[in-house]
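Numbering (full-length UniProt numbering), first residue to last: 1 to 279.
Every residue, glycine too, gets a C-beta built ideally from N, C-alpha and C.
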């Protein structure tokens with residue numbers, strides 16, 4: 001199971017991205033007040049996965065459809081949770097590094113086979129989920145924020161809250177802008193560093209964004225990471241600016257400037273990652 005000290009990259013799609021049945025379902029979902037706030041969602045997801053895996057371990061359960069909801073003046077946008085995929089991933093993770101006898105005891109082969117099929121379909125795109133829904137609307141990263149995610153946002157899209165009872169940091173933008181930024185970044189990286197791991201990572205993010213409706217909204221949420229960082233650190237966080245500075249340096253052929261921005265960014269997030277080892 002992933003740690004609650006995680007960040008999240010989400011896509012909220014308008015109802016028109018779904019078929020008629022799904023549109024009706026999500027409208028009633030919101031009207032009934034069932035939508036979960038992002039601050040509560042990770043804990044709810046974690047509990048749902050644990051309960052599902054503890055209920056006999058003989059098959060992947062049919063989990064209720066849940067989602068984050070974003071309401072604007074013009075539309076209602078939905079970010080489904082895709083809990084079935086989360087359960088499948090957790091089932092396979094439970095078998096990793098465990099002797100076969102123990103692995104089969106915890107996750108029987110029949111369940112592992114079902115989980116593997118679900119995950120492979122999702123990763124390969126061989127079978128799109130039912131009702132025209134793209135593969136997953138939320139990506140999760142534990143103990144940090146992948147640097148490629150910052151490519152999608154600009155500083156003015158930042159929303160920072162440090163109230164005593166609620167602390168959060170997120171970036172939110174239109175998917176059309178995120179696509180343009182990832183495309184520009186990809187062009188710079190291909191020209192300056194070639195097919196390096198960072199180029200492949202940005203390309204993967206760009207491909208993922210292409211799966212969604214053109215009027216979607218993309219959100220980067222620092223999630224539980226805000227509990228690891230002081231108010232001063234959150235207020236001073238300029239990660240998107242550092243990524244932009246690094247790309248600008250590469251575009252101008254100024255390797256030292258690009259390297260300085262990259263090194264600062266890596267050092268900042270490595271310090272967060274190292275907290276995982278603290279006891």
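Taking 9 angstroms as the cut-off, the beta carbon of residue 144 is found no closer than this to the beta carbon of residue 192. A check of alpha carbon separations from residue 266 across 19, 239, 151 and 112 identifies 239 as the nearest. The region 204-223 and the region 176-187 touch, with no fewer than 3 CB-CB distances between them shorter than 8 angstroms. With contacts defined as CB atoms closer than 9 angstroms, residue 73 and residue 29 fail to qualify as a contacting pair.
If you draw a straight line from the Cα of residue 25 to the Cα of residue 35, it is about 12 angstroms long.
For the set 218, 234, 230 and 148, the Cα lying nearest the Cα of residue 12 is the one of 218. Here residue 201 carries a helix assignment [DSSP, helix/strand/coil].
When C-alpha distances from residue 31 are compared across 204, 200 and 76, the shortest belongs to 76. Looking only at 150, 196 and 141, the smallest Cα-Cα distance to residue 182 is reached by 150.
Per DSSP, reduced to three states, the secondary structure at residue 76 is strand. Residue 16 sits exposed, since fewer than 16 C-beta atoms from the chains shown fall within 10 Å of its C-beta. Residue 68 holds the alpha-carbon nearest to the alpha-carbon of residue 27 among 68, 47 and 63.
Contiguous alpha helix (DSSP H) elements confined to the region 6-59 occur at 20-31 and 41-53, taking only those with 4 or more residues. Around the beta carbon of residue 93, a 10 Å sphere encloses fewer than 16 other beta carbons of the protein chains shown; the residue is thus reported as exposed.
Look at residue 222 here: in three-state DSSP terms it is coil, with no helix or strand label. In the structure shown, residue 63 falls within a coil segment according to DSSP collapsed to helix, strand and coil. DSSP lists 9 as the bridge partner or partners of residue 139. According to the DSSP assignment, residue 188 belongs to the alpha helix (DSSP H) that extends over 175-192. The closest CA to that of residue 234, considering only 170, 141, 100 and 99, is found on 170. In the structure shown, residue 71 adopts extended strand secondary structure according to DSSP, grouped into three states.
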